[in-house]
Amino acid sequence: MTLIGEFISTYRVIALPFQDPFCELLVAEQNTPLLLVFFPGVTIETQAEKDEFLQKAPRSLQHNGTTIPLQKLGIASNHPYFAAAYTDETQRVLLDYVKAISQALHTVRGQRPADNRARFSALMGILVPIADRNTKIIPPTPDERTEPILAPNTLSHGARNGPHVNMGPTLAGSRPARAPRKLKRWQQGIIIALLLVLLIGSGALLYTFIPAASATVKVTPVQMSLDENYPITVVENTQSDLMFVVGRSIVVTSQQRTQTVNATGKGVHQATRATGVISLSQIQLTKISPTGNYLAISSVRDPAGRSIVTDEEVKITNGGSVSINAHAEPAGDISNIPAHDIDGPIDIVDAITQVPIGTGYLSNGQGFNGGHDAINYTYVKQADIDNATKALNNQLLAGTMDRVKKSIGKAEKSVQAPQCTPTSSSNHKVDDEVANLTVKLSITCKTLVYTEKMLHDQAVKVYQSHGSERFGSDYGVAGDMIVSQPTTSQSGVFMMSVKGIWTYQYTPDRLEAIKHLIAGKKNQDALVLLNERKDMQKVTLTTAGGIGSAVPTAAKDIKIIINKVTGLQAGSTV
Numbered sequence: 001m002t003l004i005g006e007f008i009s010t011y012r013v014i015a016l017p018f019q020d021p022f023c024e025l026l027v028a029e030q031n032t033p034l035l036l037v038f039f040p041g042v043t044i045e046t047q048a049e050k051d052e053f054l055q056k057a058p059r060s061l062q063h064n065g066t067t068i069p070l071q072k073l074g075i076a077s078n079h080p081y082f083a084a085a086y087t088d089e090t091q092r093v094l095l096d097y098v099k100a101i102s103q104a105l106h107t108v109r110g111q112r113p114a115d116n117r118a119r120f121s122a123l124m125g126i127l128v129p130i131a132d133r134n135t136k137i138i139p140p141t142p143d144e145r146t147e148p149i150l151a152p153n154t155l156s157h158g159a160r161n162g163p164h165v166n167m168g169p170t171l172a173g174s175r176p177a178r179a180p181r182k183l184k185r186w187q188q189g190i191i192i193a194l195l196l197v198l199l200i201g202s203g204a205l206l207y208t209f210i211p212a213a214s215a216t217v218k219v220t221p222v223q224m225s226l227d228e229n230y231p232i233t234v235v236e237n238t239q240s241d242l243m244f245v246v247g248r249s250i251v252v253t254s255q256q257r258t259q260t261v262n263a264t265g266k267g268v269h270q271a272t273r274a275t276g277v278i279s280l281s282q283i284q285l286t287k288i289s290p291t292g293n294y295l296a297i298s299s300v301r302d303p304a305g306r307s308i309v310t311d312e313e314v315k316i317t318n319g320g321s322v323s324i325n326a327h328a329e330p331a332g333d334i335s336n337i338p339a340h341d342i343d344g345p346i347d348i349v350d351a352i353t354q355v356p357i358g359t360g361y362l363s364n365g366q367g368f369n370g371g372h373d374a375i376n377y378t379y380v381k382q383a384d385i386d387n388a389t390k391a392l393n394n395q396l397l398a399g400t401m402d403r404v405k406k407s408i409g410k411a412e413k414s415v416q417a418p419q420c421t422p423t424s425s426s427n428h429k430v431d432d433e434v435a436n437l438t439v440k441l442s443i444t445c446k447t448l449v450y451t452e453k454m455l456h457d458q459a460v461k462v463y464q465s466h467g468s469e470r471f472g473s474d475y476g477v478a479g480d481m482i483v484s485q486p487t488t489s490q491s492g493v494f495m496m497s498v499k500g501i502w503t504y505q506y507t508p509d510r511l512e513a514i515k516h517l518i519a520g521k522k523n524q525d526a527l528v529l530l531n532e533r534k535d536m537q538k539v540t541l542t543t544a545g546g547i548g549s550a551v552p553t554a555a556k557d558i559k560i561i562i563n564k565v566t567g568l569q570a571g572s573t574v
């Protein structure tokens, strides 16, 4: 038999109002609920049978002047079915039809041979007679109707007293039946007794199948405890992970202050020598070297006793002239000699033997300059900048910290102590030769704050997400969630403990689905279906009114009472 959750073609079965091996009335859904009449005991084996069913089966029902359109005719797994829009009234009408058709197919089952062709022919023959009475199934056009193929026992649904089976078929060509003999009184008594036994037995059986006027289902939902600890980190920027919560940043920057201090570095610039150029001209050599004559580094005194010293060795030639770089000694201002300070003839001697080898004329056409005495000076040391910065920082720190504290709300707490950073600049850098320098500084203090409510709400969010992943989206917390006070595990990380009781959430749509699940079922069958559900810890089912004990076929006649799950109560401790 078909089970809940199975598919008939593209329709998913959600309730089973009536089932037997030959015919089923099912509540199914595609986009919306609908009713399926499915024939698992009738197998379509050939293309001809398929064409016959799809072309000749009826497309609508009429009941007491009301037309019930059939949305679709189809064949699923070689078994025929038809579908109609779901209403309680349609379900009641179809339930009568299905039971009547089932009785007829059971009769066909008892024939020999009872093959698939016989059952298919019987089904096609059953639909047409039903259509010909005051409650009937109407095919789409007269051309599609075929001559009914009646089973040996013919079903009539339009009689005043409901469905009945004519057990006396007449065969063409048979001889006339004899007149029935009159039964003796004792025979009549036995027959009446047997009929009473059958009536009582069938009445008890029918009692379990006939729906009661109303049904009440009382459900105690399943309860599951979930107790978890979460490390929640307070951060400055949004994170994708639920274990992080964004705190509020407080940033305070002070006004800029300046301070001028003396440079404390001491230094001396050593005396320097003046430099210039001398020229040697009118060169007359008495001894000429085959490899050339060179004038070595030499010195000459001026009238003031200062020495003029050449800086390089130069080549000289007989009758030529040459310019030579030179400096004056001693160093200091005294080495600055005027132009033509040493103009005059000079002997040229051999550097090794000191023997004269020629003469020339020596002159400084321009003065020597650049010489100066030693100079004392002051310069900037790193300590000069650091001391000024520290002094300004001390002046601004306390006031800035106080402004940060005043910015923290009553319910807020700092993740850690405010962190302060100075921003400074100086008009001179280290080693600059100046007498003083000016330092400018401002200070910025910031902190990250949070509230316990912020941590509480984030812990609840994590807990709900965790519970939905563990139990499923159909479950929620009953009562209150008990959330602990935050405890610090490390800077910015707080441990939160959350406890709650989870249970199934019975929304109106879910309750309606449960009603359709058990509608039309025998009491015990309905209880089996309900007890198979994982969301129900305990369930009871009672029916009342009417002449039967089965669950009513209409959802409106079924009442579901969900016993309240109290869960945990606020004020409890973790």
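Counting in the UniProt record's numbering, the sequence shown runs from 1 upward without gaps.
The beta-carbon is built from N, C-alpha and C at its ideal position, and this holds for glycine as well.
Subject >> Per-residue burial, Ile130 [other beta carbons within 10 Å of its own, 16 or more giving buried] >> reply: Summary for Ile130: the model assigns pLDDT 44, below 50, so the residue's position carries little reliability, and this model does not support an answer.
Subject >> Delimiting residues of the beta strand (DSSP E) encompassing Asp227 >> reply: Gln223 to Val235
Original post:
Per DSSP, what kind of secondary structure is Lys121 in: helix, strand or coil?
Top reply: In the sequence on display, residue 121 carries Ser and not Lys. Helix, per DSSP.
**OP:** Quick one: grab the DSSP three-state call for Tyr97.
**Re:** helix
Subject >> Pair within 8 angstroms by beta-carbon distance, Ala383 and Val261 >> reply: In this structure, Val261 does not lie closer than 8 angstroms to Ala383 by Cβ.
**OP:** Check the C-beta distance from Leu285 over to Val314 and give it rounded, since I have them as a contact under 8 angstroms.
**Re:** Not really, about 14 angstroms apart at Cβ, beyond 8 angstroms.
**OP:** Using the Cα positions of Pro221 and Ala213, report the straight-line distance between them to the nearest angstrom.
**Re:** 26 angstroms
**OP:** Determine the DSSP secondary structure at residue 575, reduced to helix, strand or coil.
**Re:** Nothing about residue 575 can be read from this structure; the chain reaches only from 1 to 574.
**OP:** Return the CA-CA distance between Pro345 and Asp432, expressed in angstroms with no decimal places.
**Re:** 49 angstroms
Original post:
For Gln30, which residues of its own chain have a beta-carbon under 8 angstroms away from its beta-carbon, when the five flanking residues on both sides are left out?
Top reply: Thr10, Tyr11 and Arg12
Subject >> Cα-Cα separation, Gly472 to Ser225 >> reply: 14 angstroms
Subject >> Endpoints, the alpha helix (DSSP H) within which Gly399 is located >> reply: Gln382 to Ser407
**OP:** Taking Val439 as the reference, give the member of Pro422, Val483 and Ile385 with the closest Cα.
**Re:** Ile385
Subject >> Cβ contact (3+ pairs, closer than 8 angstroms) linking the segment 274 to 290 and the segment 389 to 396 >> reply: no
Original post:
Roughly how many whole angstroms lie between the Cα atoms of Ile308 and Ser299?
Top reply: Computed Cα separation, rounded: 5 angstroms.
**OP:** Give me the Cβ distance between Val449 and Gly247, rounded to the nearest whole Å; I'm assuming they're in contact under 8 angstroms.
**Re:** Contact between Val449 and Gly247 holds, with the beta-carbon distance rounding to 6 angstroms and staying under 8 angstroms.
Subject >> Straight-line Cα distance separating Val219 from Asn523 >> reply: 15 angstroms
Original post:
Quick one: what does DSSP say Tyr504 is sitting in, helix, strand or coil?
Top reply: strand
Original post:
Do three or more CB pairs link the segment 361 to 378 to the segment 412 to 432 at distances below 8 angstroms?
Top reply: no
Original post:
Any idea which residues DSSP pairs Ala459 with across the strands?
Top reply: In the DSSP assignment, Ala459 forms no beta bridge with any residue.
Original post:
From Ser484, Ser281 and Gln91, pick the residue whose C-alpha is nearest to that of Ile348; which is it?
Top reply: Ser281
Subject >> DSSP beta-bridge partners of Ile443 >> reply: Pro422
Original post:
Pairing CB atoms from the segment 235 to 252 with CB atoms from the segment 496 to 504, are three or more of them under 8 angstroms?
Top reply: no
Original post:
Exposed or buried, what is Val483 when buried is set at 16 or more other beta-carbons lying within 10 Å of its beta-carbon?
Top reply: buried
Original post:
Alpha carbon to alpha carbon, what distance is there between Val434 and Ile443?
Top reply: 27 angstroms
Subject >> Nearest candidate by alpha-carbon position, reference Asn563, set Thr216, Asp525 and Ala48 >> reply: Thr216
**OP:** Starting from the C-beta of Leu568, find all residues in its chain whose C-beta is less than 8 angstroms away, skip the five residues before and the five after it, and write them out in chain order.
**Re:** The residues are Gly479, Asp480, Met481, Ile482, Lys499, Gly500 and Ile501.
**OP:** Give the range of the alpha helix (DSSP H) segment to which Leu24 is assigned.
**Re:** With the sequence shown as reference, residue 24 is identified as Glu, and Leu is not the correct amino acid for it. Per DSSP, Glu24 belongs to no alpha helix (DSSP H); it is in the beta strand (DSSP E), Glu24 to Glu29.
Original post:
Based on Cα-Cα distance, which residue from Asp535, Gly125, Lys515 and Tyr86 lies nearest to Leu541?
Top reply: Lys515 is the residue among Asp535, Gly125, Lys515 and Tyr86 whose C-alpha sits nearest the C-alpha of Leu541.
Subject >> Same chain only: Cβ atoms within 6 angstroms of Tyr475, ignoring 5 sequence neighbours per side >> reply: Trp502 and Tyr504
**OP:** Compare the beta carbon distance of Tyr86 and Leu35 with 8 angstroms and say whether it is the shorter of the two.
**Re:** yes
Original post:
For residue 646, which three-state DSSP category applies?
Top reply: Residue 646 lies beyond the stretch modelled for the chain, which goes from 1 to 574, so this question has no answer here.
Original post:
In angstroms, rounded to a whole number, what distance separates the CA positions of Asp302 and Val430?
Top reply: 44 angstroms
**OP:** Check whether the Cβ atoms of Asp20 and Ser121 lie closer than 8 angstroms to each other.
**Re:** Note that the C-beta distance between Asp20 and Ser121 is not below 8 angstroms.
Original post:
What's the gap between the Cα of Pro17 and the Cα of Arg470?
Top reply: 33 angstroms
**OP:** Consult DSSP for Arg514 and reduce its assignment to one of helix, strand or coil.
**Re:** Here residue 514 turns out to be Ile, not Arg, going by the sequence shown. Three-state result, Ile514: helix.
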